[in-house]
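Participant: Residue numbering for the sequence shown follows numbering that gives the first Met the number 0, beginning at 0 and increasing consecutively. The beta-carbon is built from N, C-alpha and C at its ideal position, and this holds for glycine as well. Keep in mind that this is a model prediction, so the values were computed, not measured.
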Amino acid sequence: MKTILVVDDDPDLQEALADLLQSRGYRVSSADDGAKALQWLGQSEAPCLILLDLMMPVMDGHEFLARRNAHPVLADIPVVVISAGHHPRGSVVPGAAEVLYKPFETDHLMRIVQRYCG
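Structural data, given as structure tokens:
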């Protein structure tokens, strides 16, 4: 079973994503900030995908991406940023494979997950 790491400080979104992804056969782990996500990545098998919020306490998504990109093993894990509109549509977030804008359709998210996790 492939694992997806959800990094978001919104417990409701974490739960909704976990329910959806688990119902589709994925294992889901969660972290509520970038520091906890890096700690989890250092102790666990690499996930097939990271779903990342940018605006979080302690360590935000931008700092997480910078630290992940500097790590030779972690830099290969694809990251999809889930944005509430803090970036203009079509903008690029350095280090992210894609940006998914809220609100999003479940089918759109699952197409992205399939692209990276199969």
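At the level of alpha carbons, what is the spacing between Leu40 and Tyr100?
Facilitator: Mapped onto the sequence shown, residue 40 falls at position 41. Mapped onto the sequence shown, residue 100 falls at position 101. Computed Cα separation, rounded: 25 Å.
Participant: Which two residues bound the contiguous beta strand (DSSP E) that contains Arg67?
Facilitator: Numbered from 1 along the sequence shown, position 68 holds the residue referred to as residue 67. Run containing Arg67: none in the beta strand (DSSP E); it sits in the alpha helix (DSSP H), 60 to 69.
Participant: Going by DSSP in three states, Ile3 sits in which element: helix, strand or coil?
Facilitator: Along the sequence shown, read from residue 1 onward, the residue named residue 3 stands at position 4. In this structure, Ile3 counts as strand in the three-state DSSP scheme.
Participant: Would you kindly check if the distance between the Cβ of Val57 and the Cβ of Ala34 is under 7 Å?
Facilitator: In the sequence shown, the residue the question calls residue 34 occupies position 35. In the sequence shown, the residue the question calls residue 57 occupies position 58. Yes, these two residues count as a Cβ contact at 7 Å.
Participant: Please classify Ser43: does DSSP put it in a helix, a strand, or coil?
Facilitator: If you number the sequence shown from 1, residue 43 lands on position 44. Coil.
Participant: Cβ of Arg26 within 7 Å of Cβ of Met54?
Facilitator: If you number the sequence shown from 1, residue 26 lands on position 27. If you number the sequence shown from 1, residue 54 lands on position 55. Result no, Cβ atoms of Arg26 and Met54 do not sit closer than 7 Å.
Participant: DSSP three-state call for Ile111: helix, strand or coil?
Facilitator: Counting from one through the sequence shown, the residue named residue 111 turns up at place 112. Helix at Ile111.
Participant: Can the beta-carbon of Ile81 be found less than 7 Å from the beta-carbon of Asp106?
Facilitator: Working through the sequence shown from its first residue, we reach residue 81 at position 82. Working through the sequence shown from its first residue, we reach residue 106 at position 107. Their beta carbons are not under 7 Å apart, which means Ile81 does not touch Asp106 by this criterion.
Participant: With burial defined as no fewer than 16 other Cβ atoms inside 10 Å of the residue's Cβ, what is the status of Gln13: buried or exposed?
Facilitator: Sequence index remark: in the sequence shown, residue 13 carries index 14 (1-based). With 16 or more other Cβ atoms within 10 Å, it is buried.
Participant: From the DSSP output, in three-state form, read off Asp31 for me.
Facilitator: Residue 31 sits at position 32 when you count from the first residue of the sequence shown. Reduced to three states, the DSSP call for Asp31 is coil.
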